[in-house]
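**Q**
Number of protein chains: 2
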Amino acid sequence: FVQTINLRKTYKMGSNEVHALDGLDLTIPSGSFTVVMGPSGSGKSTLLYLVGGLDLPTSGSIVVDDDEIEKMDENALADYRRNKVGFIFQSFNLVANMTAEANVAFPLRFSGIKKKKRIERAEDLMEKVGLGDRIGHRPTELSGGQQQRVAVARALVNDPPLILADEPTGNLDTASGVAIMTMLDELCKAGKTILVASHDPRMLNYATHRVFLMDGQMVEEKQYLES
Amino acid sequence: FVQTINLRKTYKMGSNEVHALDGLDLTIPSGSFTVVMGPSGSGKSTLLYLVGGLDLPTSGSIVVDDDEIEKMDENALADYRRNKVGFIFQSFNLVANMTAEANVAFPLRFSGIKKKKRIERAEDLMEKVGLGDRIGHRPTELSGGQQQRVAVARALVNDPPLILADEPTGNLDTASGVAIMTMLDELCKAGKTILVASHDPRMLNYATHRVFLMDGQMVEEKQYLES
Ligand SMILES: Nc1ncnc2c1ncn2[C@@H]1O[C@H](COP(=O)(O)OP(=O)(O)OP(=O)(O)O)[C@@H](O)[C@H]1O
Ligand SMILES: Nc1ncnc2c1ncn2[C@@H]1O[C@H](COP(=O)(O)OP(=O)(O)OP(=O)(O)O)[C@@H](O)[C@H]1O
Ligand SMILES: [Mg+2]
Ligand SMILES: [Mg+2]
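If you're matching them up, the sequences are chains A and B in order. Under this note's numbering, the first residue of the first sequence carries the number -7, and numbering increases by one thereafter. Under this note's numbering, the first residue of the second sequence carries the number -7, and numbering increases by one thereafter.
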């Protein structure tokens, strides 16, 4: 389903270069629950941004089904992001002046679904993440973990085949975290492909595949555990 | 050091009322490492905002040393926030158009310390949180966990007697998380009072006191564990 070939992302800082991804060859099988772990700054979010079509690599390719993402034009990329991917951001990226419900319904606006149905679907997902009683709250009127759960619901509303989750449980207590992991697990069993970047070791309980990153490169689990 | 007396914070949402804090009687001893745990939405951040003088209660009092925070005028409150408290925000709240180093040095601007010394102190703290090589990066040029560590460094630069940490390890891998907890522990042993809101059970290893919140009220550990 997803394959990266010698994937590189380099940032220039004055005369310095930061190799956020440093030649990554990675295969994420269709229908897998792939967990990416690694130290803070090792390149997890960068990998997810590239796979999600939110940024372009410095070099190398990203193949999703039969499409080479890095070769797409802006329209094809926007289409890919909108229809193929559900992205849960590490810092949520909710729209401040819309209610939680409107935030969740937002990705459906080009779907052709009638407004009444869009609201129903959004409310349904908010219920599933335990926020049925917070529908009318704006992001600043929600706790950190509640904002995180709104971000999760929003990523799922379009029923995308590929879900990219960047630290989806970082602000959640044990019970709320397990609820989210269970949700992702059920989506995987229903045929979706899940790629999660996480520091939460409990996420490995649901993983069908594991990837370990250090300094923008893939390493063996042994190497990662010894670090 | 810190005591709350029948502390309440209520938000009005149309005809609804959200009781974020619902009558809290809490004592945080001077020099303690107090950890506040509880489900997402239980009131942890709200408690920290009130103790940190970032918001006023609906009713009840907050006594810090001999001052009743809720009775202070704007100037006294600003003074309290600037000199008495180091706050690590759950969503970091870094200034986007300043470098990491400038963000860390910012609380020192009214301290009377010369610029060269302010920069030295900021660089020193960035080193301590493992970001010596990220000094010139702006927040958007940092990973989520790196931003979190900048927020930690900034809260400590003024050497405040009371440190309020809201989920300080939520975006960190095991090693980085332990480094932060160890730092807070050393500050506690040096005489500071630490109040941490955290979902990370490892934080309890450092706690001298534990507080469990559910629905804005204090509960017994047993009640919290059964939830
Ligand atoms: N401005 C606001 N208006 C209305 N409700 C609010 C507002 N701010 C917070 N709340 C509500 O108050 C409750 C407590 O929020 P708080 O941020 O203190 O929770 P928390 O324990 O820090 O949660 P988390 O673990 O998710 O960070 C939540 O249920 C939240 O929805
Ligand atoms: N715009 C940028 N300019 C320069 N360097 C950047 C930029 N964005 C990210 N970096 C650097 O690239 C590296 C990888 O960042 P990334 O966000 O992918 O890490 P991460 O594994 O997600 O970390 P975390 O666990 O802390 O979220 C980091 O060292 C970071 O400082
Ligand atoms: Mg990240
Ligand atoms: Mg909170």
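We put the beta carbon where it would ideally sit given N, CA and C, even for glycine.
The alpha helix (DSSP H) with A/R0 in it runs from where to where?
**A** Counting along the chain, A/R0 falls outside any alpha helix (DSSP H), though it belongs to the beta strand (DSSP E) covering V(-6) to M5.
**Q** Would A/L117 and A/V149 be called neighbours here (beta carbons separated by less than 8 Å)?
**A** Their beta carbons are under 8 Å apart, which means A/L117 touches A/V149 by this criterion.
**Q** Find the nearest neighbour of A/G136 within the set B/K36, B/S22 and B/V28, judged by alpha-carbon distance.
**A** Of the listed residues, the one whose Cα sits closest to A/G136 is B/K36.
**Q** Check the Cβ-Cβ distances between A/L164 and every residue of chain B, and say whether any is below 8 Å.
**A** Yes, A/L164 counts as interfacial toward chain B.
**Q** Within 8 Å (strictly less), CB to CB, does A/A70 reach chain B?
**A** It does not; no Cβ of chain B falls within 8 Å.
**Q** Output, in chain order, the set of chain B residues within a Cβ distance shorter than 7 Å of A/H11.
**A** Going along chain B, no residue has its Cβ under 7 Å from A/H11, so there is no contact; the nearest lies around 13 Å.
**Q** For the region 83 to 109 of chain A, list every residue whose C-beta sits within 7 Å of some C-beta in chain B, in sequence order.
**A** Listed in sequence order: S83.
**Q** For A/H191 and chain B, any beta-carbon pair shorter than 8 Å?
**A** Chain B, which has a Cβ nearer than 8 Å to the Cβ of A/H191, makes this yes.
**Q** So, at 8 Å on beta carbons, what are the nonlocal neighbours of A/E213 in its own chain, with the 5 sequence-adjacent residues on each side left out?
**A** So the list reads R202 and F204, once near-sequence residues are dropped.
**Q** Count the other C-beta atoms from every protein chain shown that fall within 10 angstroms of the C-beta of B/R225, then say buried if there are 16 or more, exposed otherwise.
**A** Because chain B in this structure spans residues -7 to 219, residue 225 of chain B falls outside the shown range and cannot be described.
**Q** How many whole angstroms separate the CB atoms of B/L48 and B/E62, which I take to be in contact at a CB cut-off of 8 Å?
**A** Yes, B/L48 and B/E62 are in contact; Cβ-Cβ is about 6 Å, under 8 Å.
**Q** Along the chain, where does the alpha helix (DSSP H) containing A/A92 start, and where does it finish?
**A** A92 to A97 is the extent of the alpha helix (DSSP H) around A/A92.
**Q** What do you reckon, are the CB atoms on B/K184 and B/P153 nearer than 8 Å?
**A** Against a cut-off of 8 Å, the Cβ pair of B/P153 and B/K184 comes out as a contact.
**Q** Which residue from A/T91, A/S168 and A/N75 puts its Cα closest to that of A/G122?
**A** Among A/T91, A/S168 and A/N75, the Cα nearest to that of A/G122 belongs to A/S168.
**Q** Along the beta strand (DSSP E) that carries B/E9, what are the first and last residues, could you check?
**A** Unbroken beta strand (DSSP E) run through B/E9: N8 to I20.
**Q** Quick one: residues in its chain with C-beta nearer than 8 Å to the C-beta of B/M206, no 5 flanking neighbours on either side, listed in chain order?
**A** If we look at B/M206 and ignore the five residues flanking it on each side, its Cβ neighbours are G30, P31, S34, Q215, Y216 and S219.
**Q** Taking 7 Å as the cut-off, is the CB of A/Q215 close to at least one heavy atom of ligand 1?
**A** Outside the cutoff, so no.
**Q** Against chain B, does A/P31 count as a neighbour if the rule is that its beta carbon must be under 8 Å from one of theirs?
**A** Chain B contact via Cβ: present.
**Q** Check the C-beta distance from A/A97 over to A/I111 and give it rounded, since I have them as a contact under 8 Å.
**A** Right, the Cβ-Cβ distance comes to about 6 Å (below 8 Å), so this counts as a contact.
**Q** Tell me the residue span of the alpha helix (DSSP H) that contains B/G52.
**A** Element bounds for B/G52: not the alpha helix (DSSP H) but the beta strand (DSSP E), S51 to V56.
**Q** Report whether the distance from the Cβ of A/E159 to the nearest heavy atom of ligand 4 is below 7 Å.
**A** A/E159 Cβ: outside cutoff for every heavy atom of ligand 4.
**Q** Going by other Cβ atoms of all chains shown within 10 Å of its Cβ, with 16 needed for buried, is A/T174 buried or exposed?
**A** It is exposed - the Cβ of A/T174 has fewer than 16 other Cβ atoms within 10 Å.
**Q** State buried or exposed for B/E159, treating a residue as buried only when at least 16 other CB atoms are found within 10 Å of its CB.
**A** B/E159 is buried by the Cβ-count criterion.
**Q** Between B/V28 and B/A145, is the Cβ-Cβ spacing less than 8 Å?
**A** The answer is no: Cβ separation not under 8 Å.
**Q** For B/Y72, verify whether its CB is less than 7 Å away from any heavy atom of ligand 1.
**A** For ligand 1, not one heavy atom lies less than 7 Å from the Cβ of B/Y72.
**Q** Going by the beta-carbon positions, is the gap between A/T19 and A/Q(-5) smaller than 8 Å?
**A** Taking 8 Å as the Cβ cut-off, A/T19 and A/Q(-5) qualify as a contacting pair.
**Q** Between A/T38 and the rest of its own chain, which residues show a CB-CB distance below 6 Å, the 5 nearest in sequence each way excluded?
**A** Excluding sequence neighbours, A/T38 sits near K1, A12 and L13.
**Q** Answer yes or no: do B/H129 and B/A92 have a C-beta to C-beta separation smaller than 8 Å?
**A** Their beta carbons are under 8 Å apart, which means B/H129 touches B/A92 by this criterion.
**Q** Between B/N85 and the rest of its own chain, which residues show a CB-CB distance below 8 Å, the 5 nearest in sequence each way excluded?
**A** Counting only Cβ-Cβ distances below 8 Å, and skipping sequence neighbours, we find A143.
**Q** Below 7 Å, is the gap between the Cβ of B/Q82 and the nearest heavy atom of ligand 4?
**A** B/Q82 Cβ: within cutoff of ligand 4.
**Q** Considering only heavy atoms of ligand 4, does any lie closer than 7 Å to the CB of B/G208?
**A** Checking every heavy atom of ligand 4 against the Cβ of B/G208, none is found closer than 7 Å.
**Q** Does the Cβ of A/D177 lie closer than 7 Å to at least one heavy atom of ligand 1?
**A** No - ligand 1 has no heavy atom lying nearer than 7 Å to the Cβ of A/D177.
**Q** With 8 Å as the threshold, decide whether the Cβ of A/Q138 is near any Cβ in chain B.
**A** Judged by the 8 Å Cβ criterion, A/Q138 is in contact with chain B.
**Q** Name, please, each residue of chain B whose Cβ falls closer than 7 Å to the Cβ of A/A157.
**A** Within 7 Å Cβ-Cβ: nothing; A/A157 doesn't reach chain B, min ~13 Å.
**Q** Does the distance from the C-beta atom of B/L69 to that of B/L(-1) stay below 8 Å?
**A** Their beta carbons are not under 8 Å apart, which means B/L69 does not touch B/L(-1) by this criterion.
**Q** Could you pull out every residue in the same chain whose Cβ sits closer than 6 Å to the Cβ of B/V211, ignoring the five residues on either side in sequence?
**A** Result list for B/V211: F204, in chain order.
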